Each structure stands twice: as structure tokens, then as C-alpha cells.
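If you read the sequences in order, they're chains A and B. Count the first sequence with the numbering used here and you get residues 1 to 307, in order. Count the second sequence with the numbering used here and you get residues 308 to 598, in order. Every residue, glycine too, gets a C-beta built ideally from N, C-alpha and C. These figures come from a predicted structure and were not determined experimentally. Data block below; observations after.
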Amino acid sequence: MGESLQSIVNLVDPYTLQILVNIGIAIVLALGLNVITGITGQLSLGHAAFMSIGAFTSAVITLRTGLPFSANLLLSGLITAFVGAAIGYPILRLTGDYLAICTLGFAEIVKVVFLNLDITNKALGLSVPPARSPIPMPIIVWVVAILSIIFVCFMKESRFGRALKAIRDDEIAAEAMGINIARYKVQSFAVGSFLAGVGGCLYAHFLSYINPSDFGFLKSVDILSMVVLGGLGSIAGTVFGASILAAAPEFLRFMSQYRMLVYGGLLVFLMVFRPNGLLGGINFTDLVLRAIGRKPATAEVNERHRK
Amino acid sequence: MLLQQLINGIALGSTYALIALGYTMVYGIIALINFAHGEIFMAGAFVGLLMVAVFKMNIFVAMILAMATCMVMGVVIELIAYRPLRKSSRLSALISAIGVSIFLSTLALMIFGADAKGFPDTAFPVRQVKVLGAEISTLQLLIIGVSALLMLGLEFIVQKTKIGKAMRATSEDYNTAALMGINVNRVISFTFALGSSLAAAGGVLVGLLFNAVSFNMGLMAGLKAFSAAVLGGIGSIPGAMLGGLLLGVAEVMGVAAGYSSYRDAIAFAILVLVLLVKPTGLLGQKIQKKV
Numbered sequence: 001m002g003e004s005l006q007s008i009v010n011l012v013d014p015y016t017l018q019i020l021v022n023i024g025i026a027i028v029l030a031l032g033l034n035v036i037t038g039i040t041g042q043l044s045l046g047h048a049a050f051m052s053i054g055a056f057t058s059a060v061i062t063l064r065t066g067l068p069f070s071a072n073l074l075l076s077g078l079i080t081a082f083v084g085a086a087i088g089y090p091i092l093r094l095t096g097d098y099l100a101i102c103t104l105g106f107a108e109i110v111k112v113v114f115l116n117l118d119i120t121n122k123a124l125g126l127s128v129p130p131a132r133s134p135i136p137m138p139i140i141v142w143v144v145a146i147l148s149i150i151f152v153c154f155m156k157e158s159r160f161g162r163a164l165k166a167i168r169d170d171e172i173a174a175e176a177m178g179i180n181i182a183r184y185k186v187q188s189f190a191v192g193s194f195l196a197g198v199g200g201c202l203y204a205h206f207l208s209y210i211n212p213s214d215f216g217f218l219k220s221v222d223i224l225s226m227v228v229l230g231g232l233g234s235i236a237g238t239v240f241g242a243s244i245l246a247a248a249p250e251f252l253r254f255m256s257q258y259r260m261l262v263y264g265g266l267l268v269f270l271m272v273f274r275p276n277g278l279l280g281g282i283n284f285t286d287l288v289l290r291a292i293g294r295k296p297a298t299a300e301v302n303e304r305h306r307k
Numbered sequence: 308m309l310l311q312q313l314i315n316g317i318a319l320g321s322t323y324a325l326i327a328l329g330y331t332m333v334y335g336i337i338a339l340i341n342f343a344h345g346e347i348f349m350a351g352a353f354v355g356l357l358m359v360a361v362f363k364m365n366i367f368v369a370m371i372l373a374m375a376t377c378m379v380m381g382v383v384i385e386l387i388a389y390r391p392l393r394k395s396s397r398l399s400a401l402i403s404a405i406g407v408s409i410f411l412s413t414l415a416l417m418i419f420g421a422d423a424k425g426f427p428d429t430a431f432p433v434r435q436v437k438v439l440g441a442e443i444s445t446l447q448l449l450i451i452g453v454s455a456l457l458m459l460g461l462e463f464i465v466q467k468t469k470i471g472k473a474m475r476a477t478s479e480d481y482n483t484a485a486l487m488g489i490n491v492n493r494v495i496s497f498t499f500a501l502g503s504s505l506a507a508a509g510g511v512l513v514g515l516l517f518n519a520v521s522f523n524m525g526l527m528a529g530l531k532a533f534s535a536a537v538l539g540g541i542g543s544i545p546g547a548m549l550g551g552l553l554l555g556v557a558e559v560m561g562v563a564a565g566y567s568s569y570r571d572a573i574a575f576a577i578l579v580l581v582l583l584v585k586p587t588g589l590l591g592q593k594i595q596k597k598v
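Below, the structure written as C-alpha cells:
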């Protein structure tokens, strides 16, 4: 089976493939942050730290044990989720900007600790051997990306997801309605960290080299930009934002040295003219219902929301 | 040796405090984490370096010119990137700030190149002075002196002048201040100008202290100064000064104790610990939950 899949992958030229894989990984990471920031409303500036925990865990598992890649992927996600929950428990008492700062500080600490540990090869970084799996990497990345999209979609509309949205919209009212805020926040943090860990694992095995310095503040900002650009809380928006920003460096390659300059300017420009993100505030169910000539049930709520 | 390390720490800490003041003032008024502030600090260092190295100016004149340039920069950035976003979500403003920061550091990279540049030796003649058995360089005295002077000046502006009063009123309650006839936009521009000029002075001083100015110096210094602002209680001016000094001293002490490879983590570890114990920072006011 592996060979036939490999031949499908070979049909796509390597450059396009690389962009596609980058987009796939970005979608997994951005979805994770969207659960924390978009759906639960907890601003996190340290998503790259969870990504690095996943990346290094999976690299060490591949180097030291003989686990197959699927188990590795799951395990590094779970370990990251555990770390996320353990850290989330004390710091989620903080609200708003204080939480953002705490996650930022935490991310810097993780980076420095990884830069000093022997098991992560200190500042030299780790070379990651190829994944132990017959299925080629690009296919794994896209299967995982699609699974995450489906998972987050279902989660968002479940009882759990609605509780998270209630916390985002009004914490005190949610508490008054009997929602255990602390527990839900930690769980949402764990889900987000799980996806970050999975994304980190994919990233490590696709690039085959990881360095703690790659997971700094700017990486967190990158992921946050994807979520905000697409529209907070919107899954279609996240996928869209992740696709645009993950591919942007390639599209802007023709202006080589001006690339980051344009990127920075673009962020400002988009925020000024579209502060809610490209797809923010658009409800796709509504659009479909309108298209077939029926009045969406949520229209009234949205009207009120806009005021 | 304790005194020696203490003075090293205070010199480093007062530069953090200078940058932290800009964060805290802007946050106090429009509740925005101005991530571009670290880049203004970097720009200030470059302008100062340019004045000293190319135009052969006196270091003090260079510092004043750097402060003036960054003042304009701060106001322009506010006008372009933050003012249109005043009514939208805070997260959009944050992303916009990050965009500005990426823009400015890339611009500096393109203009000045990737390698760190140093101030010429003639910029400020460094001598060692012996005080109570500790070796203090005149540079450290300059840094502590200039920072103290600027902070006193700021305290005077905020407490004694009319615009300072308007600043305090605006940070207390934005809408009521506007109703009372305060030109809120002017106050915000003024706050940005003030904060940016302090950051520029900090940039020139740090450039002298480490004898290195580079395009990416803003990021780490900005993050640490920001931690200092939060540590002291964000929105509080004395808090920023206290937080900066504490972080500077803690960092130098940590390095002296042999944890130099954890240098950058010390400030953040303290930050996280303080936030967990006292979420509003050392001198911050308690935020009331409103139903």
C-alpha cells in the first residue's frame, strides 16, 4: 500500500508538495490555538512552546524507542496535552492579558530549558530520523489535518464546545449557569496543546531537524496571526488563514528581501480594514440556508450581537 | 562583590525600567500591549549610533536626537496602526502591533545589515571608579544618572503638568475623560511620544553598555521590559521602575551565581511566579469583576 501511496505523492512536484505539507501542519497548529483563543477566548502567546514539546517528545521517541509513527504521534500529543493541562491548571486563574503574558513567559522558559537539556542536544538541535511508517509523510499530514478539522468542528458544536463559547462570551454568566469554568478552561487548554503536540510531531518528522530556537515568540505569533487573520472561532477561517500565511512566504519569494517587510505591513493593513479577520462573523450554515431561501434561525441572535 | 553585582544589576535594570515605562503608560491608557515598543527601542539605538558614528556628534546630543526621532515614530505608528483599531477587538490591535514590529525589524535589517554594530570608543570615555571596594565604570554611572533624570522628568510631567493630569484622567476612565472635554486623541499621541522617547534613550544606553546595536535587539529587550512592567503592576509608573530594577538585579545575580545559560529565563520565571501569587503585579490595583 505504501508504494502506491508514494506514487500518488510523486505526482505532485516537490515544491508544491512542500507548500501543501506546510499548510497541513499549520492547519493542525492553528486549530489547536483556535480552540484556546477563538472558542474559549483565552489569549495564549505561547503556542509554539507546546509545539516544541510535541516535536522534541516525538523526536526522542523515534530516536530511543521502536514505536511505530502512529503511536508516536498519539503519544507526543497526549504528553503535550498533559503538560498543557498541568500548566493550565495554575495559570488559567489569570484572565485576559495577564494570561497572555504568563503563557509568553512560560514559552520563553520552555525554550531556554530545551536549550540546556542534554536529551534535546542543547543548542545544536536534534536530527530526527524518518518516521517509522509505510505511509508517506505528506499523506499522514493531510489525513491528520482533515481529522483535526472534523474533530474541532464536532467539538465546537458539542455540549463541551458550547460551554467553552459561553465562557468566552461571558465568564461570570457562564459560571452562574453552573459551568465549571476552571475545569473547562483546563480541558480546552489540554485539547489545544494536544493539537499543538501533534503538529509539532509532524513538523519534526517532516523537517527532520529541530532546534529549540525555532519555537520562539515569533513562531507563536505566526500561529496566532493565522487564527486572527482567518477570524477568531471560525474553523473555515482558521483553515483559510493558515493556508494563506503558511504559503505567503513562498508567494512573496519573488520580492525576496522585502518579504518580511510586506508580511508585517500586510498584517497591519488586514487588521485595519478587516479587524475581525477575513472570515470572522460569517456563519456558513446561515449562508447556505439563505442561498436556498430560508431564514436562518440564528439571524436574530446575530443581529443582537452586532449591536 | 555583592555591591558590585548590585550596581551592575541596577544599571541594567534602569534600562529595562526606561523601556517598561512606555509599555505601562500605553497599557494604562488604551489597554494595548504595544509589541512594537521593543522595535522603537532598537530604532532609538540605531539613530543614536548613526549620529555618533557618522555625524560625529556628542553622545548627549545624539541621545536627544534619537529621542526626538522616536517620538515622531511612536506618534506615526499610533496614527497608522492603532488609531483605526481603537473600537475593534483588542486582539486585532495586538496583531497590528506585531505587524508593525515585524515591519520595523525587517526595515532595520535591510538598512543596517544583519551584523551587530558597536559605538566608537570615543563616544563615551569609560573609566573605572572605586567606590567602597566595588569597581564602577563611568558608563554605569551615566546610565543610572540619565535614567533617574528621565524618570524624575516623567514623574514631573505626569503629576504636575496639565497634560499629565489629562493622561491620568484618561487612564482612569477613557469615556468620562472625553466627556469632560479632554482631547483623548491628543493625550494618547502624547503618551506614545513620551514612551517612545524614553525607549529611545534606553536604546542608546543599552547600545553603549553592550557596545552592540543590531536589528533584533528589540525583541528580547522588549519582552523583558514588558515583563518588568507586568511585574510592577501594568499601568503603574512607579511599578514599571521597580519591576525594571528588580529584573535587572535578579538577572545579574543569576548570572553571577553561575546560571548564565538560563539568563533569559530568569526574568520570565520571576514574572510567572509573581503573576501566580499576585496576578496584578507588585504595585498593581485589584481589578473588580463586573457583572
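Minimum Cβ-Cβ distance from residue i to chain A less than 8 Å
| i | result |
| --- | --- |
| alanine 576 of chain B | yes |
| leucine 526 of chain B | yes |
| valine 537 of chain B | yes |
| glycine 320 of chain B | no |
| methionine 332 of chain B | no |
| alanine 324 of chain B | no |
| threonine 477 of chain B | no |
| glycine 406 of chain B | yes |
| serine 399 of chain B | yes |
| phenylalanine 522 of chain B | no |
| alanine 600 of chain B | Given that chain B is displayed from residue 308 to residue 598, the structure contains no residue 600 of chain B and the question cannot be resolved. |
| serine 496 of chain B | no |
| aspartate 571 of chain B | yes |
| methionine 308 of chain B | no |
| threonine 483 of chain B | no |
| isoleucine 409 of chain B | yes |
| methionine 417 of chain B | yes |
| valine 579 of chain B | yes |
Nonlocal neighbours in the same chain, by C-beta distance under 6 Å from residue i, ignoring five residues either side
| i | result |
| --- | --- |
| alanine 30 of chain A | Ile223, Met226, Val227, Thr238, Ala242 |
| phenylalanine 69 of chain A | Ala131, Arg132, Ser133 |
| phenylalanine 342 of chain B | Ala404, Ile405, Ser408 |
| valine 35 of chain A | Ser188, Val191, Gly192 |
| alanine 500 of chain B | Met378, Gly381, Val382 |
| proline 427 of chain B | Ala360 |
| glutamate 346 of chain B | Ser408, Leu411, Ser412, Gly525 |
| leucine 416 of chain B | Phe522 |
| glutamine 6 of chain A | Pro136 |
| asparagine 315 of chain B | Val559 |
Test item: CB-CB of residue i and residue j under 8 Å
| i | j | result |
| --- | --- | --- |
| serine 76 of chain A | glycine 192 of chain A | no |
| asparagine 276 of chain A | glycine 231 of chain A | yes |
| methionine 177 of chain A | glycine 406 of chain B | no |
| threonine 120 of chain A | proline 212 of chain A | yes |
| alanine 85 of chain A | valine 186 of chain A | yes |
| alanine 388 of chain B | leucine 339 of chain B | no |
| serine 234 of chain A | leucine 287 of chain A | no |
| serine 496 of chain B | alanine 324 of chain B | no |
Rounded Cβ spacing between residue i and residue j (contact assumed at less than 8 Å)
| i | j | result |
| --- | --- | --- |
| serine 321 of chain B | leucine 552 of chain B | 7 Å |
| glycine 329 of chain B | glycine 510 of chain B | Not a contact, Cβ separation roughly 11 Å. |
| alanine 508 of chain B | glycine 351 of chain B | 7 Å |
| isoleucine 25 of chain A | leucine 164 of chain A | So it is not a contact: roughly 24 Å between Cβ atoms. |
| valine 562 of chain B | arginine 570 of chain B | 6 Å |
| alanine 423 of chain B | serine 521 of chain B | 4 Å |
| alanine 166 of chain A | alanine 174 of chain A | 4 Å |
| leucine 73 of chain A | valine 198 of chain A | 6 Å |
Beta carbon proximity, residue i to chain B, threshold 8 Å
| i | result |
| --- | --- |
| proline 136 of chain A | no |
| phenylalanine 50 of chain A | no |
| asparagine 180 of chain A | no |
| asparagine 116 of chain A | yes |
| proline 90 of chain A | yes |
| leucine 43 of chain A | yes |
Own chain, CB closer than 7 Å to residue i, minus 5 neighbours either side, in chain order
| i | result |
| --- | --- |
| leucine 309 of chain B | none |
| valine 491 of chain B | Thr477, Tyr481, Ala484, Ala485 |
| serine 534 of chain B | Leu554, Ala574, Phe575, Leu578 |
| lysine 122 of chain A | Leu115, Asn116 |
8 Å Cβ shell around residue i - same chain, five flanking residues per side excluded
| i | result |
| --- | --- |
| isoleucine 8 of chain A | Ile139 |
| proline 432 of chain B | Thr445 |
| isoleucine 210 of chain A | Ser52, Ala55, Phe56, Ala59, Gly125, Leu126, Val128, Tyr203, Ala204 |
| glycine 96 of chain A | Leu43 |
| leucine 245 of chain A | Ala26, Asp222, Ser225, Met226, Leu229 |
Cβ-heavy atom distance, residue i to the ligand MG, below 7 Å
| i | result |
| --- | --- |
| glycine 277 of chain A | With respect to the ligand MG, the structure shown offers nothing to examine, as it has no ligands at all. |
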